[in-house]
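In what follows, a single structure is set out as structure tokens and then discussed.
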Amino acid sequence: MSSESQEHGASRRPVEDEVDVVAEETQKPAKGDKKDKKGSFWKELPVLVVVALVLALIIKTFVIQAFYIPSESMENTLLKNDRVLVNKLVYHTRDIERGDVVVFSGVDSWDGEFEMEEPSNPIAAFFRWVGTAFGVVPGEKDYIKRVIGVGGDHVKCCDDKGRITVNGVAIDEGSYLYPGVKPSNEPFDITVPQGRLWVMGDHRSVSLDSRWHTGDPGGGSIPVGQVIGRAFVIVWPFPRATTLDIPATFAQPALQALGDSAPLLAGFALATPLFLIRRRRLPGAPPLRRPRRADDGAELPWRR
2 MSSESQEHGA SRRPVEDEVD VVAEETQKPA KGDKKDKKGS FWKELPVLVV
52 VALVLALIIK TFVIQAFYIP SESMENTLLK NDRVLVNKLV YHTRDIERGD
102 VVVFSGVDSW DGEFEMEEPS NPIAAFFRWV GTAFGVVPGE KDYIKRVIGV
152 GGDHVKCCDD KGRITVNGVA IDEGSYLYPG VKPSNEPFDI TVPQGRLWVM
202 GDHRSVSLDS RWHTGDPGGG SIPVGQVIGR AFVIVWPFPR ATTLDIPATF
252 AQPALQALGD SAPLLAGFAL ATPLFLIRRR RLPGAPPLRR PRRADDGAEL
302 PWRR
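So in the working numbering, spot 206 of the sequence shown is number 207, and the numbers just go up one at a time.
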């Protein structure tokens, strides 16, 4: 080996030493980055929680909300302590239909079907509010019932076979009515005012529904504006998870005979006299003039 190569060899560090140095230099910043990431995560966590809560409340307010079932009034369709999701947008795209299961507010109207003690302090009140918002605890003035009649419908109980009729058409409630109970033990006969709904629970013997409020304004019906949304699915408990579809009996074409067509019929009733008056005049003919009178005062025939 030449002296030149020996000189260069002495000045160079072994390859193994170089690898160790690189590894050591790489590892040191990594440890520091890991600590920084941990600290950053804990700093950002409260912000993430707040953002998640805000988004959840926005969704709850305008789109979908979970509701807690507090009573037996909708058995066996809904059991006590079930949780359902309520669609708040659906009635912006279509009208409320017979057979829909709806959640509505009874504030300043119906008395509660169950009693809840008022929170003893502001903290408890806050957690009550949060629990109600997310469907963990029931809302004291929120109700869930099935729509039997809409505005203009003639709802009556009962026919000679003990069935409820809507616009003279009997509805078959066997698919959702609580086993062993009658459609109603109390007779009623009401034409639902426009803009209101006749609602009933599926467990008729325990449900304090429209039948129990016939002395209220609207004869027991509720304002459409009080409806929060349509319950469309059971989400808890998991073994009972299912959709809440409209029973087939409400699809009978004869049900539409009066209720949904009432505004249209009223329009035709008002338009018909105008149409007949217009038909009496020939197209393009001049208007009728006053009758002429002869010199002797006798009235001559009408002329155009």
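No residue lacks a Cβ here, since even glycine has one placed at the ideal position from N, Cα and C.
In this text, all values refer to a predicted model and were calculated from it rather than measured experimentally.
Separation of residue j from residue i, as counted between CA atoms
i, j, result
"S377", "Y92", "Residue 377 lies beyond the range of the chain shown here (2 to 305); nothing can be said about it."
"K44", "V50", "11 Å"
"D161", "A171", "10 Å"
"R212", "F233", "24 Å"
"P238", "P71", "14 Å"
"V228", "S41", "45 Å"
"F189", "K157", "6 Å"
"T166", "I65", "33 Å"
"Y144", "L178", "18 Å"
"V193", "L46", "53 Å"
"K182", "G226", "According to the sequence displayed, residue 182 carries Val and not Lys. One C-alpha to the other measures close to 31 Å."
"R164", "S222", "19 Å"
"G169", "R99", "15 Å"
"N82", "G220", "30 Å"
"R84", "D101", "17 Å"
"P224", "H155", "16 Å"
"N186", "W111", "20 Å"
"F191", "L256", "The displayed chain sequence assigns Ile, not Phe, to residue 191. Taking the straight line from one Cα to the other gives about 15 Å."
"C159", "V103", "24 Å"
"G107", "G196", "16 Å"
"E73", "A252", "27 Å"
"S176", "T244", "14 Å"
"A24", "V48", "With a pLDDT of only 46 at A24, under 50, the local geometry of the prediction cannot be trusted, and the value read off the model is given with reservation. Those two C-alpha atoms are separated by around 37 Å."
"P254", "V52", "48 Å"
Cβ distance (whole Å) where residue i is taken to contact residue j below 8 Å
i, j, result
"V87", "F68", "6 Å"
"R241", "I235", "5 Å"
"K89", "G230", "4 Å"
"R205", "P180", "Not a contact, Cβ separation roughly 11 Å."
"T250", "E174", "7 Å"
"D210", "K146", "6 Å"
Host beta strand (DSSP E) of residue i (start-end)
i, result
"Y92", "Looking at the DSSP string, Y92 is not in any beta strand (DSSP E), and its letter there is neither H nor E."
"K81", "Where K81 is concerned, there is no enclosing beta strand (DSSP E), given that its DSSP letter is neither H nor E."
"K146", "D143 to G150"
"D217", "No beta strand (DSSP E) contains D217, which DSSP labels as neither H nor E."
"Y69", "I65 to Y69"
"V228", "V228 to W237"
"M201", "R197 to M201"
"V104", "V102 to S106"
"I165", "I165 to V167"
"I172", "Premise fails: I172 is in no beta strand (DSSP E) and is neither H nor E."
"T192", "F189 to T192"
"V306", "With the chain running from 2 to 305 in the structure shown, residue 306 is simply not present."
Any non-hydrogen atom of the ligand ADP closer than 6 Å to residue i Cβ
i, result
"E98", "Inclusion of the ligand ADP in the displayed structure is not the case, the ligand content being empty and no account of it being possible."
Proximity test, Cβ basis, 7 Å: residue i and chain C
i, result
"Q253", "Any reference to chain C falls outside this structure, which holds one protein chain only."
Quiz item: Is the stretch 143-160 touching the stretch 200-208, taking contact as three or more C-beta pairs under 8 Å?
Solution: With the rule of 3 Cβ pairs closer than 8 Å, the stretch 143-160 counts as touching the stretch 200-208.
Quiz item: Does the count of Cβ pairs from the stretch 216-224 and the stretch 70-85 closer than 8 Å reach three?
Solution: These segments do not touch.
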